[in-house]
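Quick note: the sequence shown uses my numbering, first residue 1067, plus one each step.
Glycine included, every Cβ here is placed at the ideal spot set by N, Cα and C.
What follows is a short report on a single structure.
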Amino acid sequence: MMGQALAKRDIHRGILLYDEQKFSRALEIWLSVLSKLRKPHDRFSVHGYVCMALLETGHNKDALEHALRQVDIAEWQNEDILKSEAFYNTARAFQALGEISKCLTFCERSFNYETDIPALPGYVHLCMGCAFLALGLISKAYMSLQFALNTSEEHDDKVLELMTRSSLGNVFTAVRDYETAREHHWKAIKVARVFDAVDSSFKFMRRVLANAAVVMLKVGSYTDTLDIAEEAIKDALTFSDRPVQSRCLFIFAEVHRERHDLKVRGAYGLAQEIGDQKLQMEIIMGMARAAEAEHDLLQAYKLAEKSYNMSMKLSCKLDAIRCLEHQSDLAIKLDRPEVSESRDFLRCQLLQELELHCGICDEPLGDRPGRLEVLECCHFVHQKCARYLLRTSQTQTVHRCPCPACRVRMPVTSTTTF
């Protein structure tokens, strides 16, 4: 009994260290305690703590191992509440590793069981929304993130709110509506500012900043990009947050590339260490652009091809579309028009598959920067086209015509304003 009491005291000490973002010390304590615990529920909780800390520091494969141990305990105990949490942690680990399809599978499994954590369904929808975005399923991503945002408001969960806002910003970045993306990221930053620097929730600020830096990079505000990314990586280095470090190194490399100072391999090495396959693919895309900037067009094409193959393997089809766009441009420069045509054909197929067309003008979404509007059915249209859905009846009442994509009749109010 005394040993169990001491173990529980150590567990609590680990939690305090985790809250102070001293993840390595917390991990040492929890891992040493695991062998002393007899009760399945206690072991389940500690495996969950270990999984969280490992994800914070980018040890994603080890995090998956502990999440799967939670699954084993939950199934052995046959308790729904344990299953919902274990499946969610497993989904997060797969997401961190770029195993998007497996992430979605475990999100769905988590939904099948009741939970005693009120906001957990919102966090699962957040995880699912990010997974859908990685697959290029923009409307599904938006729908899941809207559910997560509603859950955050229902339970006044500021962490869920800021992470969801930031993820919504990523959705609009993906379809090149940078103005709306910035609005969401600034709202996320505003929410994050309420946390004290000593609060463990402050760790989310560096993640939000890393996402916001990408938007500034896309619009060519390189000084702002560096300022934001430097603030994020400074905090990430202090607390050994390797996922944010890796993302920021890639952002720095992209800025240097734009300024013809090519530095990218450091980011790729760290992405390999943490096992983030999607980030590795994005960095190879950056390497292709860097090779093009050095006028090594053949090497650029080979890297773009490698990035395309990785994106298709991961089912990240929106990234695949961007790779095909680059390959098509490179093929023209290499005087290979037939190759350019084949890349354009594949790109059109993927656009059709992902339904990335405006239902009004039938032009691709995200082909060029511009404002979009999201209908309540979560289909995206060009903002300039949305006015064609409005019509005035004989009584001078303004109505919106049915969504061209799904024929659902929409109210006049846009859902892009929050």
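Pairwise C-alpha distance: F1270 and T1304
One C-alpha to the other measures close to 14 angstroms.
Could you tell me which of P1309, I1317, S1312 sits nearest to L1292, measuring between CA atoms?
The shortest C-alpha separation from L1292 is found at I1317.
Alpha carbon to alpha carbon, how far is I1340 from Q1346? Give it in angstroms, no decimals.
Computed Cα separation, rounded: 10 angstroms.
Rounded separation between K1450 and T1246 - CA only:
Annotation: K1450 to T1246 spans about 14 angstroms, alpha carbon to alpha carbon.
Secondary structure of P1470, DSSP reduced to three states
In the structure shown, P1470 sits in coil (DSSP, three-state: anything other than H, G, I, E or B).
Who does H1423 pair with in a DSSP beta bridge?
Bridge partners of H1423: P1430.
Would you identify the three-state DSSP class for V1447, choosing helix, strand or coil?
In this structure, V1447 counts as strand in the three-state DSSP scheme.
May I have the straight-line CA-CA distance separating R1075 from A1157, to the nearest angstrom?
Cα to Cα, R1075 sits roughly 29 angstroms from A1157.
What's the C-alpha gap between K1253 and L1228?
As the crow flies, the alpha-carbon of K1253 is around 8 angstroms from that of L1228.
Report the residue from L1380, R1355, D1290, L1456 whose alpha carbon sits nearest the alpha carbon of K1368.
Among L1380, R1355, D1290, L1456, the Cα nearest to that of K1368 belongs to R1355.
Is the stretch 1411–1423 in contact with the stretch 1231–1240, if contact means three or more CB pairs nearer than 8 angstroms?
The stretch 1411–1423, when compared against the stretch 1231–1240, does not touch it at the 8 angstroms Cβ threshold.
How about L1234 and H1221: are their beta carbons less than 9 angstroms apart?
Against a cut-off of 9 angstroms, the Cβ pair of H1221 and L1234 comes out as no contact.
To test your reading of the DSSP string, which unbroken alpha helix (DSSP H) runs of 4 or more residues are found completely within the stretch 1322–1380?
List check, alpha helix (DSSP H) in window: 1331–1340, 1343–1359, 1363–1379.
Note down, in chain order, each residue of its chain lying with its Cβ closer than 7 angstroms to the Cβ of A1357, except the 5 sequence neighbours on either side.
Here the set comprises Q1365, A1366, L1369.
Work out the CA separation of A1207 and L1199 for me, nearest whole Å.
Taking the straight line from one Cα to the other gives about 5 angstroms.
Assuming L1400 contacts L1438 under a Cβ cut-off of 8 angstroms, what Cβ separation, rounded to an integer in Å, is found between them?
That pair is no contact at about 33 angstroms.
Would you say A1386 and L1416 are within 9 angstroms of each other, going by their C-beta atoms?
Taking 9 angstroms as the Cβ cut-off, A1386 and L1416 qualify as a contacting pair.
Report, in whole angstroms, the separation of the C-beta atoms of L1380 and G1164, which I expect to be a contact under 8 angstroms.
With a Cβ gap of about 6 angstroms, L1380 and G1164 count as contacting.
Residue range of the beta strand (DSSP E) that includes L1438
Looking at the DSSP string, the run of the beta strand (DSSP E) that includes L1438 is 1438–1440.
Could you tell me which whole beta strand (DSSP E) segments of length 3 or greater appear in the stretch 1126–1203?
As far as the stretch 1126–1203 is concerned, it has no whole beta strand (DSSP E) run of at least 3 residues.
Excluding five sequence neighbours on each side, which residues of the same chain lie with their C-beta closer than 6 angstroms to the C-beta of I1350?
L1369, K1372, S1373, listed in sequence order.
When burial is assigned at 16 or more other CB atoms within 10 Å of the CB, is K1256 buried or exposed?
Around the C-beta of K1256, fewer than 16 other C-beta atoms lie within 10 Å, and the residue is accordingly described as exposed.
Could you check what DSSP says for L1456 in three-state terms: helix, strand or coil?
Three-state result, L1456: strand.
Would the stretch 1130–1141 count as touching the stretch 1102–1111 if we require 3 or more Cβ pairs under 8 angstroms?
Touching, yes.
How about N1236 and C1193: do their beta carbons lie closer than 9 angstroms?
No Cβ-Cβ contact shorter than 9 angstroms links N1236 with C1193.
Between which residues of its own chain and K1383 is the CB-CB distance below 8 angstroms, once the five residues before and five after are set aside?
Around K1383, the same chain offers L1201, G1202, S1377, L1416, E1419, L1420 as residues with beta carbons nearer than 8 angstroms, after the five sequence neighbours per side are excluded.
With L1283 and V1310 assumed to form a contact (beta carbons below 8 angstroms), what rounded beta-carbon distance in angstroms separates them?
Actually they are not in contact, since the Cβ atoms of L1283 and V1310 sit about 15 angstroms apart, beyond 8 angstroms.
Excluding sequence positions up to five away, which residues of its chain have a Cβ less than 6 angstroms from the Cβ of L1215?
Within the same chain, L1215 has close Cβ partners T1230.
Beta-carbon proximity list for A1471, same chain, < 8 angstroms, skipping 5 on both sides
Taken in chain order, the residues that qualify are E1421, G1425, C1443, H1445.
List the endpoints of the continuous alpha helix (DSSP H) containing L1120.
First-last of the alpha helix (DSSP H) with L1120: 1106–1122.
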